[in-house]
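Some notes on the structure that comes next.
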Ligand SMILES: C[S@@+](CC[C@H](N)C(=O)[O-])C[C@H]1O[C@@H](n2cnc3c(N)ncnc32)[C@H](O)[C@@H]1O
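Residue numbers (our numbering): 362 to 627.
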């Protein structure tokens, strides 16, 4: 039964219209983003989510947008266990994480598989902004030698555990550092780079470019409005890149989407 159906007669109709049946689930944690009008019904809504039979143990309400360098939102506990450490399963891979301490977005699952499907065994692949590993680990499972770089120390600890959990720890080298210092830390011959850059950090592309071989591939994630895409393609071509594909992969704000550019370095 849909959430709003379950709450018919419990939450007044005009408020119920502000509630979505869809909510983000990471591992056994449900994450709601309740409209202010629903504040007095938070507990009853959370109770309905907890009993939705989706093996949910904890219901959180997002109280802020993603913030800070770690890209983590603020949360309030509405129902269930206060333990926010969980294991998320995605296409057979396991990711342990604490949703209140590290970034994770389960909506990019198909996109992550799309990219890892392009990787050949033996490739050297660079993943800056690697988080707890949802790009790095499928790439390593395809036989790539992955260098994963992440500034959030807790995310690196989870990444190390997740590499072991998924039996790819021998294929993933983890560097706890600032991606903008990469050129000083790394050798310059990666076959591929996968760059899930945080909002507004597009400047990283120039740094990554110096680390990728000629003929190499880049998958660059950025946040843009539709009218910015054609000029951006032109600027990448001016940087000596071929734009193989530009795809939208999720909306993040009104008129602003996450885009991925598959690029080839001449
Ligand atoms: C948008 S998240 C992507 C995480 C991961 N790739 C994923 O898809 O779940 C960006 C990540 O970059 C990290 N980060 C932010 N600024 C950084 C920097 N200057 N150097 C390295 N990592 C950084 C954050 O801690 C966060 O884990």
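For glycine and all other residues, C-beta sits at the position ideal for the given N, C-alpha and C.
From the DSSP output, in three-state form, read off residue 595 for me. Three-state DSSP puts residue 595 in a helix.
Rounded to whole angstroms, what is the Cα-Cα separation between residue 621 and residue 371? Near 42 Å, if we compare the C-alpha coordinates of residue 371 and residue 621.
Check for me: the beta strand (DSSP E) holding residue 451 runs from which residue to which? 446-451 is the extent of the beta strand (DSSP E) around residue 451.
How should residue 472 be labelled, buried or exposed, when 16 other C-beta atoms within 10 angstroms of its C-beta is the threshold for buried? The residue in question, residue 472, is buried, as its Cβ has 16 or more Cβ neighbours within 10 Å.
Nearest-angstrom Cα distance between residue 434 and residue 392? Their Cα atoms are separated by approximately 11 Å.
Please check the pair residue 523 and residue 493, which I expect to be a contact at CB under 8 Å, by giving their CB distance rounded to whole angstroms. Sure, about 6 Å apart at Cβ, within 8 Å.
Backbone CA spacing between residue 609 and residue 619 [nearest angstrom]: When rounded, the distance between both Cα atoms is 6 Å.
Pull the bridge partners of residue 623 from the DSSP assignment, please. Residue 623 is bridged to 580 and 606.
Whole-Å CB distance - residue 465 paired with residue 535, under 8 Å assumed: Their Cβ separation, rounded to whole angstroms, is 17 Å, which puts residue 465 and residue 535 out of contact at 8 Å.
Residue span of the alpha helix (DSSP H) that contains residue 555, given as start and end: In this chain, residue 555 is not harboured by any alpha helix (DSSP H); it is covered by the beta strand (DSSP E) spanning 551-556.
Are residue 508 and residue 529 touching if we call contact CB-CB under 9 Å? Not in contact: residue 508 and residue 529 (Cβ atoms no closer than 9 Å).
Separation of residue 412 from residue 384, as counted between CA atoms: If you draw a straight line from the Cα of residue 384 to the Cα of residue 412, it is about 14 Å long.
Secondary structure, beta strand (DSSP E): runs of 3+ residues fully inside the region 386-440: Every beta strand (DSSP E) stretch that sits fully inside the region 386-440 and reaches 3 residues is listed by chain position as 390-393 and 419-423.
Assuming residue 477 contacts residue 520 under a Cβ cut-off of 8 Å, what Cβ separation, rounded to an integer in Å, is found between them? Between residue 520 and residue 477 the Cβ distance is about 16 Å, and since that is not below 8 Å, they are no contact.
Alpha-carbon spacing of residue 404 relative to residue 368, whole angstroms: Their backbone Cα atoms lie some 12 Å apart in a straight line.
Cα separation between residue 532 and residue 526? Approximately 13 Å, taken between the alpha carbons.
DSSP puts residue 459 in a beta bridge; with which residues? Residue pairing from DSSP places residue 459 in a beta bridge opposite 446.
Rounded C-beta distance between residue 455 and residue 437? I'm assuming under 8 Å. With a beta-carbon spacing of about 27 Å, residue 455 and residue 437 fall beyond the 8 Å limit used to define contacts.
Residues near residue 504 in its chain [Cβ-Cβ closer than 7 Å; skip 5 each side]: Sequence-distant partners of residue 504 (beyond 5 residues in either direction) whose C-beta falls short of 7 Å from its own C-beta, in its chain, are 482 and 483.
Near residue 425, what residues of its chain come up, given a Cβ to Cβ distance below 7 Å and the 5 sequence neighbours on each side ignored? Answer for residue 425: 434 and 435, listed in chain order.
Distance, residue 429 Cα to residue 598 Cα: Residue 429 has its alpha-carbon roughly 32 Å from the corresponding atom of residue 598.
If you compare alpha carbons, which of 381, 376, 373 and 375 is closest to residue 363? The option with the nearest alpha carbon to residue 363 is 381.
For residue 448 versus residue 457, is the C-beta distance shorter than 9 Å? In this structure, residue 457 lies closer than 9 Å to residue 448 by Cβ.
Alpha carbon to alpha carbon, what distance is there between residue 600 and residue 583? Taking the straight line joining both Cα atoms gives about 16 Å.
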